[in-house]
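J.: Protein chains in written order, with the numbering used here: chain A, 476 to 880; chain B, 476 to 880. Please find one structure pasted underneath; my questions will follow.
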């Protein structure tokens, strides 16, 4: 059960983006599983891909195509990751691009393919391609909600976020959708996110905006520490709002960046709130670190600790496990006598000793809440980091043990 | 249920080592929970401690004492880790050393304390100390089995290994015991190992022997990636066999080292075979790596992957998860088209493609065995690494979620 998360009721269309979805029965028999995004001419798109060295065929092809030209189409399917299939997988990904390109008179390189689902099973390209003509006929601006549903795999709710803002008198919209429920989902399937705005943004600035936003959002979440062969996140700027980022006032620029970052963080946190087998939504804040590297390393080591995660599942205020995880992070110079820890607002450790007012009962009360924040103050400097994660429940094991049975 | 592991039936005494155990009811009410090792005069002892920066009081005190002099006594308790207790914990650890030293006329620094169990609860030093006089009276050479049982926490079987060998006409014995069932056990409790031989060995050589043996054994196992604040492993050489390592022939030296390494590996693998919630004993071999760092990094990334571990629990030959884990290891230069993978003797991937003869049925058959070996050949060089781990089962979650309830 997702924690305080429901599917979006509406998502705003973005001028210059048209969308169609279709049911190709790649894996799911009763729902749409393919999405086609059409991006208007001159739209700029930046993409962040997984760093996994064994990335899937669509990631390889998308990277290559993006080097050649700006994309006009994003072709996404759920149910099959087209991963682990060697030369055949690459050929299938390219065929899907070429077939689409042929239908809509663009070049093969102007199509970026994205796949998520089971690996090691050949992609049914023919199935995928048979509805391309009708999808091209049915493209519409208002299909973001359908798209959010069609890219789901084991997500229990669809994920999207949208906002319209007034920037120096111009209406600018930004909308994004994401899927994901574990950093690597069943069989390498994974998180995907597609975000678009009708603001005009130059490609280099767009790439920087995307990188910064991802650093503060998708790069700060983890369910199980496993990253995927298929992760990708796109940011498209269509320029159809009649205003360009460069022309904005300083204040409007800042507002846009803030909304963009909020959107990314919201999508990233949605993935955690819908994390596999989640019963607790856990925020980890590491503060007073020497530098950001130290703060992040410690936050992630805590977030990945199976013992911290099982304690959270049990509502057990087992703060020793949090300290033990922090202590094994690959950083130097920690000092236990400078360390403080709180769970939500409850002080647990103050400068290396159990806080005077702390009791196990108080600790249990905080740990039994749906949403838990661990705040670790290292007393060493001024850097901080935030990471969001899930607990480790019976259902996590069940979902991942039984996915293919 | 431990996988192919039962408690040892007998362990050989080591000349120069006397042992006593007692029931001090620190946590367990119906069994011995304190062990006293007396090491003969001139015995040399080397110790490897946890690298966790938030190490427990006994680790801090043992390290300090070892800097001052060679130990005459090892004082071990289970049930309380004496960790996370700040200044009080240090004082308690020192008090236990001083009290013992007072009873047996050695210096406080000649006692090394070791603790394993619940953290954050004050060590009942008075309880621990009350039976010291009778323990000193009851010291005997043949109590290794009792010691192996007294240091257990949630281990389901006790762990020991012992061998007598003929080295250039001299009878030399080596015996060791260990406890542990997760790299970090409930509440920071953890693995401890105590090994002794009656061979004479100089302290520097002894330290190197220990470091090498640990590198190939305890540093190659993981249950959950969590290391502990209390981990320690000792190696004592009493010199009572009437022969010194330096005097041995080249062949006898090699034999001793081999037996020593076998003992360490056996104890380490025992910990995995008794790993928390284990249903599958998993060996991971990474071969043909550029260097050992690469091989180890990949092997551990696979071993820590919750998705690989849940797949093993489900007997699911989900090789995509193994590849995905390898691909996210923090190493550079992997090439998917050079990669081969086998599960036990079954070839799954050959040079980046699914092996021609591979079927899911064959894969399932191998994965359903109690003992599974993943062998990953990278095709990049000649280095290799072995790591041993467990699957991730409902019982792992249960044990760690319910430990304190």
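The beta-carbon is built from N, C-alpha and C at its ideal position, and this holds for glycine as well. Computed from a predicted model, the values in this text were never measured in an experiment.
Pull up the DSSP beta-bridge partners for residue 846 (chain A), would you.
T.: DSSP, once it has assigned bridges, lists A:756 as partnering residue 846 (chain A).
J.: Classify residue 812 (chain B): buried if its beta carbon has 16 or more other beta carbons within 10 angstroms, exposed otherwise.
T.: Around the C-beta of residue 812 (chain B), fewer than 16 other C-beta atoms lie within 10 Å, and the residue is accordingly described as exposed.
J.: Inspect the beta-carbon positions of residue 851 (chain B) and residue 773 (chain B) and report whether they are closer than 8 Å.
T.: yes
J.: Please identify the residue among A:515, A:529, A:786 whose C-alpha is closest to the C-alpha of residue 799 (chain B).
T.: A:529
J.: Using 8 Å as the threshold, is the stretch 831-840 of chain A in touch with the stretch 785-792 of chain A, meaning 3 or more CB pairs across them?
T.: In short, these stretches touch, since the Cβ pair count reaches three.
J.: Just to confirm the assignment, what range does the alpha helix (DSSP H) spanning residue 576 (chain A) have?
T.: Residue 576 (chain A) -> alpha helix (DSSP H) spans 561-579.
J.: If you drop the 5 nearest sequence neighbours on each side, which residues of the same chain put their C-beta closer than 8 Å to that of residue 720 (chain B)?
T.: 674, 675, 676, 677, 680, 712, 728, 731
J.: For residue 748 (chain B), which residues of its own chain have a beta-carbon under 6 Å away from its beta-carbon, when the five flanking residues on both sides are left out?
T.: 477, 478, 480, 756
J.: Return the CA-CA distance between residue 439 (chain B) and residue 593 (chain B), expressed in angstroms with no decimal places.
T.: Lying outside 476 to 880, the shown extent of chain B, residue 439 (chain B) is not represented and no answer is given.
J.: Distance cutoff 8 Å, beta carbons only. Does residue 536 (chain A) sit that close to anything in chain B?
T.: It does not; no Cβ of chain B falls within 8 Å.
J.: Identify the residues that DSSP records as bridge partners of residue 667 (chain B): which are they?
T.: Within the DSSP bridge table, the entry for residue 667 (chain B) names B:654, B:707 as partners.
J.: Determine the closest residue to residue 871 (chain B) out of B:656, B:563, B:524, B:532, with distance taken between C-alpha atoms.
T.: B:656
J.: Which chain B residues are close to residue 877 (chain A), counting only those with a beta carbon under 7 Å from its beta carbon?
T.: Those within 7 Å of residue 877 (chain A) in chain B are 789.
J.: Sort out for me which residues DSSP pairs residue 858 (chain B) with in a bridge.
T.: B:764
J.: Can you list, in chain order, the residues of its chain with a C-beta nearer than 8 Å to that of residue 602 (chain A)? Leave out the 5 residues immediately preceding and following it.
T.: 499, 500, 501
J.: Which residue's Cα is closest to the Cα of residue 667 (chain A): A:519, A:704, A:647?
T.: A:704
J.: Where does residue 513 (chain A) sit, in a helix, a strand or coil, going by DSSP?
T.: Residue 513 (chain A) sits in a strand when the DSSP states are folded into three classes.
J.: Assign residue 491 (chain B) to one of three DSSP states: helix, strand, or coil.
T.: coil
J.: Could I get the ranges of all uninterrupted beta strand (DSSP E) runs contained in the stretch 796-837 of chain A, with 3 residues as the minimum, in chain order?
T.: 815-818, 821-825
J.: Between A:751, A:625, A:558, A:614, which has its C-alpha nearest residue 599 (chain A)'s C-alpha?
T.: Distance from the Cα of residue 599 (chain A) is smallest, within the candidate group A:751, A:625, A:558, A:614, for A:558.
J.: In the DSSP assignment, what are the bridge partners of residue 863 (chain A)?
T.: A:696, A:758
J.: Report the residues of the stretch 797-817 of chain B with a CB closer than 9 Å to any CB of chain E, ordered along the chain.
T.: The chain labelled as chain E is not found among the protein chains of the depicted structure, namely A and B.
J.: When the distance is taken between beta carbons, is residue 568 (chain A) closer than 8 Å to residue 546 (chain A)?
T.: no
J.: Given a threshold of 16 other Cβ atoms within 10 Å of its Cβ, counted over all protein chains shown, does residue 803 (chain B) qualify as buried or as exposed?
T.: buried
J.: Given a cut-off of 8 Å on the beta-carbon distance, is the pair residue 654 (chain A) and residue 628 (chain A) in contact?
T.: With a cutoff of 8 Å on beta-carbon distance, residue 654 (chain A) and residue 628 (chain A) are scored as near each other.
J.: I need the straight-line Cα distance from residue 552 (chain A) to residue 510 (chain A), nearest angstrom please.
T.: 6 Å
J.: Anyone know if the C-beta pair for residue 636 (chain A) and residue 482 (chain A) falls short of 8 Å?
T.: no
J.: Which partner residues of residue 741 (chain A) appear in the DSSP bridge assignment?
T.: Its beta-bridge partners do not exist; DSSP assigns none.
J.: State the CB to CB distance for the pair residue 735 (chain A) and residue 649 (chain A), rounded to an integer number of angstroms; the pair is presumed to be in contact (CB under 8 Å).
T.: 6 Å
J.: Can you name the start and end residues of the beta strand (DSSP E) that residue 881 (chain B) belongs to?
T.: The question about residue 881 (chain B) has no answer, for chain B in this structure spans 476 to 880.
J.: Going along the stretch 538-571 of chain A in order, which residues come within less than 9 Å of chain B, judged by CB to CB distance?
T.: 556, 558, 559, 560, 561, 562, 563
J.: Just to confirm, is the Cβ distance from residue 614 (chain B) to residue 493 (chain B) under 8 Å?
T.: Yes, these two residues count as a Cβ contact at 8 Å.
J.: Quick one: what's got a C-beta closer than 6 Å to residue 877 (chain B)'s C-beta in the same chain, skipping five residues either side?
T.: none
J.: So with Cβ pairs under 8 Å, would you call residue 782 (chain A) a contact of chain B?
T.: Residue 782 (chain A) belongs to the set of residues whose beta carbon lies under 8 Å from a beta carbon in chain B.
J.: Give me the Cα-Cα distance between residue 506 (chain B) and residue 771 (chain B), rounded to the nearest whole angstrom.
T.: 39 Å
J.: Taking only beta-carbon atoms, is residue 726 (chain B) less than 8 Å away from chain A?
T.: For residue 726 (chain B), the closest Cβ of chain A is not nearer than 8 Å.
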